[in-house]
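Trainee: Numbering (my numbering), first residue to last: 4 to 119.
Mind looking over this structure? Questions follow.
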């Protein structure tokens, strides 16, 4: 399955983040879990740039509308921890997908060379 370009991944992450933020406005912990799920799903399908932007956008929605007062961006220890979590998830998923694809290519190329 081909990766979608970074811009599409970023847009998908933003759309998913807005949906989660709208749905879970009264429950910040549930929102963080669902935003992390959005980042993981998008990161498995897009480039590192798209994954990073999706993580940053989901964090911005979380720190602004779910933790912030009156829509102000809140940067404190809690939201910085959430940013670190989302970025690590994005990078881990992109690396896992890249490593998995490499293993499949190596295994597939070995079968062709041996005639099997």
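Heads up, the beta-carbon is just placed ideally off N, CA and C, and yes, glycines get one too.
In angstroms with no decimal places, state the Cα-to-Cα distance between residue 32 and residue 101.
Mentor: Residue 32 and residue 101: Cα-Cα distance of roughly 30 Å.
Trainee: Closest by CA to residue 24, which one among 86, 61 and 97?
Mentor: It is 61 whose Cα lies nearest to the Cα of residue 24.
Trainee: Rounded to whole angstroms, what is the Cα-Cα separation between residue 5 and residue 103?
Mentor: Near 13 Å, if we compare the C-alpha coordinates of residue 103 and residue 5.
Trainee: So, for residue 97: in the same chain, excluding its five sequence neighbours on each side, which residues have a beta-carbon less than 6 Å away from its beta-carbon?
Mentor: Closer than 6 Å at Cβ, skipping near neighbours: 46, 51 and 54.
Trainee: By a C-beta neighbour count over all protein chains shown, 10 Å radius and 16 as the cutoff for buried, is residue 41 buried or exposed?
Mentor: Residue 41 is buried by the Cβ-count criterion.
Trainee: Identify whether residue 49 lies in helix, strand or coil by the three-state DSSP scheme.
Mentor: Strand at residue 49.
Trainee: Rounded to whole angstroms, what is the Cα-Cα separation between residue 68 and residue 95?
Mentor: If I take the Cα positions, the gap works out to 26 Å.
Trainee: Going by DSSP, what residue range makes up the alpha helix (DSSP H) through residue 11?
Mentor: Start and end: 9-26.
Trainee: Find the nearest neighbour of residue 17 within the set 58, 78, 37 and 73, judged by alpha-carbon distance.
Mentor: The residue with the shortest Cα to Cα distance from residue 17 is 58.
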